[in-house]
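Colleague: Take a look at this one; I'll ask things after.
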Amino acid sequence: MMLRNSKVMVLGGWGLVGMAVCRRILSRGPAKLILHSLRQAEAEEACRTIAAEFPSVTVVPAWGDIFVRDEFKDTPRRDIMKDRAKRWNFVEDVFEKLSPERLSNFFLYKLITEHKPDVMVDCVNAATGFAYQDIYSAYYDIKSVMEIEGQGVPENDPFFDKVERFCGTVYVPQLIRHIQVLLEASAQAQVHTYVKVGTTGTGGMGFNIPYTHSEAKPSAQLLAKSSMAGAHSMLLFLMGRTPGCPYVKEIKPAAAIAWKKIAYGEVLRGGKPIPLFDCAPEAAEPLGGTFARIKDETGEPLGENLKSVFIDTGENGIFSADEFYTISAAEQMEFVTPEEISQAVLWEIEGGNSGMDIVGALDSVVMGPTYRAGILRGAALNEMRRLEREHGIASVAFEMLGPPSLSKLLYEAYLLKRAYPDPALIGSEKPTDISAKVWNILKQDRLLRATIVSIGVPILLPDGKNVLRGPEVKIPAYTGSNELKVTKESVDEWAEKGWLDLRPSNMECWQKRIAEFFQAATGDAVADTSSAFPWERRMLGEDDEFFAGRIVTHLFIEEEKGRRIKS
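End of the sequence shown = 566 in numbering that gives the first Met the number 0, gap-free, step of one.
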C-alpha cells in the first residue's frame, strides 16, 4: 500500500519501537498520524517530538489502555482490581458475550472507528501486559485463605475479592477479547493493513534463559509471556484468514531491542525512582525463625534516590553498563535496533517482502488441504452412504462438530429433503403445509425423533409453544444458571441458534434459502464449463444424496460468511 496521503495509526507510538516506526512511516508522507500511548503525557511528548521533525504532517495524540472499556482507559489496572464495582465490570467485559453494546464500550473500538485509519501498526507489547498481571500471585492470595483450617465465608470476607481478582488476571480470555474487539473494529473502520510488532517473550532464547523475574529458571511469568506471544500470533494468523479483515502481518523480534537513551541520572524501576536506604553493620539482622520479605521499619532512608549511568532499552527496562554488556553479549540475548524493526514494518506495509512476517511464514509452512485427501473424500462419503443403506439409518448429525446450529440446520434440511424428494417443489408449497408434513414425519419416526433430542437439539413444534427435548440441551448455553426465563425473544434466539424449528416462519425461511441455493448452483453461468464456474455448487435434484450437507455448506459460506479464503 502507498503511504502518501494515507491515515496511519501507531499503537504504542511513544515506545522505543513505536517512535522508530513513526519516523520511518512519516518519511513516506502520510496525511495524518494518530500516535497512541498508554499515558497522556507520553502521547503528547511523542507528538511534539514528531511534529518538530515532520511539520507538514498532522500528528494527533491518543492515549489509554487498549485492553479495557473507554471509561477505564486512564485507570491503572491495579486500581481497577482494588475497586469492586470496576473489577466486576472488567471481569464481565472479558467473559460475557461480546454484544454490540459491550463492543462499542471498548476504548480500542472507539479509537479505531473514530479515526478510521488506512494502516495500523501495533507496537504494544500485549504479551507482557497480560502475563505480568501475575496470575500466580493471585493464586497464592486465594490459597492462603483457603488453607486456613475451618475457614468459613463470613460477610465481607476478603476471599471473594481475591477470587474476583484471580478472574481478572486470567490471561487467555483477555487476549481473545482483545483480538475480537480488534477484528470487529478494524473491519468496521475498513482498515487496509494491520502490522503487529510482537515478541518471543525471551529475547530469542530458550528455556535456559538466565534472565528471569523470579528464582525459577525460566520463571513461570516469563513462560506465560511467551505463551501469550505464541497465542497472539496464532490469533493473528486466524484474523488474516477472515474475510473483511485487514491484511495482517506480524514482525517478531527474537533479541533484546536497544536503545532509546544513554544517560546519567535517576534510575527508574516501574516508572518510579529507587529510594536509597542504608543498613549499617551494627544493624545487621540475625537469621532465625522467620524472614520477612517486606519490613518497612528496616533500613535508614538517605533522603535521595539511586543515580547512575544507564541505558534505556524501552520495554525491557533500564540497564547498567555491565547489565547491558551481559545481556547483549554473543550467545546471550544479543540485540536488534528499533530502526531495523521499523524498516521491516515499512517494507510489509508497502507491499515489500521483509522475510520476517510471522503470519506469512505460518501461511507458507502450515500443511493445508491435499489432493490425495480430496480424492479420498469421495470414497469415504460413498462408503458411509453404502453403510447407511445397509443398516437402514440416516447419518445426519451427532452434535460433536458444533456449533449447535449445524445439527439444527442439517436435520431441518434432511427432513425437508425427506418430505420433498425434489426440493425444487418446496418453493410452491404453503409454509404451513411444509411444517405439517415435516412434523408428521417426526411423529411417525420414533428413532429419528429420539436421535435428535438425545444429542441435545430440542424440537420446537409448529405452534411455537411446545417443545420436545431430552435430559440435556445444548442451547441455551450455560451462563451461570440452569433456569432461564422464557420470552418470545428468547425462544426466537434459541430456535435460531440450535433448536429444530418446525414453525411455518422457519419453513418460509427455508423456501428462500433453497431458491437462492438453486440460483447459486446454476444461475446465469449454467452454460459455462470453464474452471471459473463453481462446480461444487451443482445441484443434482432428487438424485443428490448429500442435499443436507451441500445446502448447509452453502449457508455457512454465504449466510454465515464462513468461507475459507486460504488453502
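We put the CB at the ideal spot given by N, CA and C, even for glycine.
Pull up the distance between the alpha-carbon of Leu400 and that of Lys407, whole angstroms please.
Modeller: Roughly 12 angstroms separates the two Cα atoms.
Colleague: Shortest alpha-carbon distance to Asp335 belongs to which of Gly391, Glu281, Ile256, Ala228?
Modeller: Correcting the residue type first, residue 335 is Val in the shown sequence and not Asp. Measuring from the Cα of Val335, the nearest candidate turns out to be Ile256.
Colleague: Going by the DSSP bridge assignment, what does Ser218 pair with across the sheet?
Modeller: Beta-bridge pairing links Ser218 to no other residue.
Colleague: Just grab the DSSP bridge partners of Gly264 for me.
Modeller: For Gly264, which the question treats as bridged, DSSP gives the partners Ser307.
Colleague: Quick check: what's the CA-CA separation for Gly76 versus Trp498?
Modeller: Looking at the sequence provided, one finds Arg at residue 76 rather than Gly. Distance between the alpha carbons of Arg76 and Trp498 is about 41 angstroms.
Colleague: By the three-class DSSP mapping on this structure, what secondary structure does Met538 have?
Modeller: Low local confidence applies: a pLDDT of 45 at Met538 is under 50, so the model's placement there is unreliable, and no value is given.
Colleague: Which runs of the alpha helix (DSSP H) at least 4 residues long sit entirely within the stretch 302 to 351? Give them in chain order.
Modeller: As far as the stretch 302 to 351 is concerned, its whole alpha helix (DSSP H) runs of at least 4 residues are 320 to 327, 337 to 348.
Colleague: Sorted by chain position, which residues of the same chain lie with C-beta nearer than 7 angstroms to Pro422's C-beta, five sequence neighbours on each side aside?
Modeller: Counting only Cβ-Cβ distances below 7 angstroms, and skipping sequence neighbours, we find Leu415, Lys416, Ile513, Phe546.
Colleague: Nearest to Lys260 by alpha carbon, out of Arg240, Phe318, Leu102, Val123?
Modeller: The residue with the shortest Cα to Cα distance from Lys260 is Phe318.
Colleague: Under a three-way DSSP split, which group does Phe271 fall into?
Modeller: According to the sequence provided, residue 271 is Lys. The question's Phe does not apply to it. Here Lys271 sits in strand by DSSP.
Colleague: Kindly list the residues whose CB is nearer than 6 angstroms to the CB of Asp356, restricted to its own chain and excluding five residues on each side of it in sequence; keep chain order.
Modeller: Excluding sequence neighbours, Asp356 sits near Lys248, Glu347.
Colleague: Hey, Phe94 and Asp69 are a contact pair by Cβ (cut 8 angstroms); roughly how many whole angstroms apart?
Modeller: Not a contact, Cβ separation roughly 19 angstroms.
Colleague: Of all Cβ atoms in chain D, is any one closer than 8 angstroms to the Cβ of Leu400?
Modeller: The chain inventory of the structure shown lacks chain D, comprising one protein chain alone.
Colleague: Please name the residue in Arg23, Leu467, Leu222, Trp258 whose C-alpha comes closest to that of Phe323.
Modeller: Closest option to Phe323, Cα to Cα, is Trp258.
Colleague: Cβ of Leu305 within 8 angstroms of Cβ of Ile273?
Modeller: Against a cut-off of 8 angstroms, the Cβ pair of Ile273 and Leu305 comes out as a contact.
Colleague: Which residue's Cα is closest to the Cα of Leu570: Trp13, Gly548, Val118?
Modeller: The structure shown does not extend to residue 570, since the chain is modelled only from 0 to 566, so the question has no answer here.
Colleague: Within a Cβ cutoff of 8 angstroms, which residues of the same chain sit near Ile250, ignoring the five residues on either side of it in sequence?
Modeller: Closer than 8 angstroms at the Cβ level, and outside the excluded window around Ile250, lie Val194, Lys195, Val196, Gly197, Ile340, Ala343, Val344, Glu347, Ser353, Met355, Asp356, Ile357.
Colleague: Please state whether DSSP places Arg502 in a helix, a strand or coil.
Modeller: Arg502 falls in the coil class under three-state DSSP.
Colleague: Under a Cβ-count criterion, where at least 16 other Cβ atoms within 10 Å of its own Cβ denotes burial, should Arg23 be classed as buried or exposed?
Modeller: Classification of Arg23: buried, given that the 10 Å Cβ count is 16 or more.
Colleague: Need the endpoints of the alpha helix (DSSP H) that Lys416 sits in, please.
Modeller: Unbroken alpha helix (DSSP H) run through Lys416: 403 to 418.
Colleague: Using beta-carbon positions only, say whether Ala126 and Ala254 come within less than 8 angstroms of one another.
Modeller: No, Cβ-Cβ distance for Ala126 and Ala254 is not below 8 angstroms.
Colleague: Within the continuous alpha helix (DSSP H) that includes Lys496, where are the two ends?
Modeller: Its alpha helix (DSSP H) spans residues 487 to 497.
Colleague: Measure the C-alpha to C-alpha separation of Gly28 and Thr57 and round it to an integer number of angstroms.
Modeller: Computed Cα separation, rounded: 10 angstroms.
Colleague: What is the DSSP secondary structure of Trp13, counted as helix, strand or coil?
Modeller: Three-state result, Trp13: coil.
Colleague: Using the beta-carbon count (16 or more within 10 Å), is Cys122 buried or exposed?
Modeller: That one is buried.
Colleague: Return helix, strand or coil for Ala476, following the three-state DSSP convention.
Modeller: Correct three-state label for Ala476: coil.
Colleague: For Gln39, which option in Leu32, Phe53, Ile49, Trp62 has the closest C-alpha, if you only look at C-alpha atoms?
Modeller: Selected option, being the one with the closest Cα: Trp62.
Colleague: How should Glu580 be labelled, buried or exposed, when 16 other C-beta atoms within 10 angstroms of its C-beta is the threshold for buried?
Modeller: Summary: the structure shown does not reach residue 580, with the chain confined to residues 0 through 566, and so no result is reported for it.
Colleague: Just the Cα atoms here: how many angstroms apart are Pro172 and Leu375?
Modeller: Computed Cα separation, rounded: 38 angstroms.
Colleague: Using DSSP with H/G/I as helix, E/B as strand and the rest coil, what is Glu41?
Modeller: Looking at Glu41 - three-state DSSP - the assignment turns out to be helix.
Colleague: Grouping DSSP H, G and I as helix and E and B as strand, with all else coil, what is Glu559?
Modeller: Coil.
Colleague: By Cβ distance below 6 angstroms, which residues in the same chain neighbour Phe53 in space, the five residues on each side in sequence not counted?
Modeller: Within the same chain, Phe53 has close Cβ partners Leu25.
Colleague: Any chance the stretch 283 to 294 sits against the stretch 233 to 245, with 3 or more Cβ pairs inside 8 angstroms?
Modeller: Contact fails: fewer than three Cβ-Cβ distances are below 8 angstroms.
Colleague: Just how far apart, CA to CA, sit Lys429 and Tyr246?
Modeller: One C-alpha to the other measures close to 46 angstroms.
Colleague: Considering just the uninterrupted stretch of the beta strand (DSSP E) at Leu210, what are its terminal residues?
Modeller: Note that residue 210 corresponds to Tyr in the displayed sequence, not to Leu. Premise fails: Tyr210 is in no beta strand (DSSP E) and is neither H nor E.
Colleague: Rounded to the nearest angstrom, what separates Phe516 and Glu558 at their Cα positions?
Modeller: Their backbone Cα atoms lie some 11 angstroms apart in a straight line.
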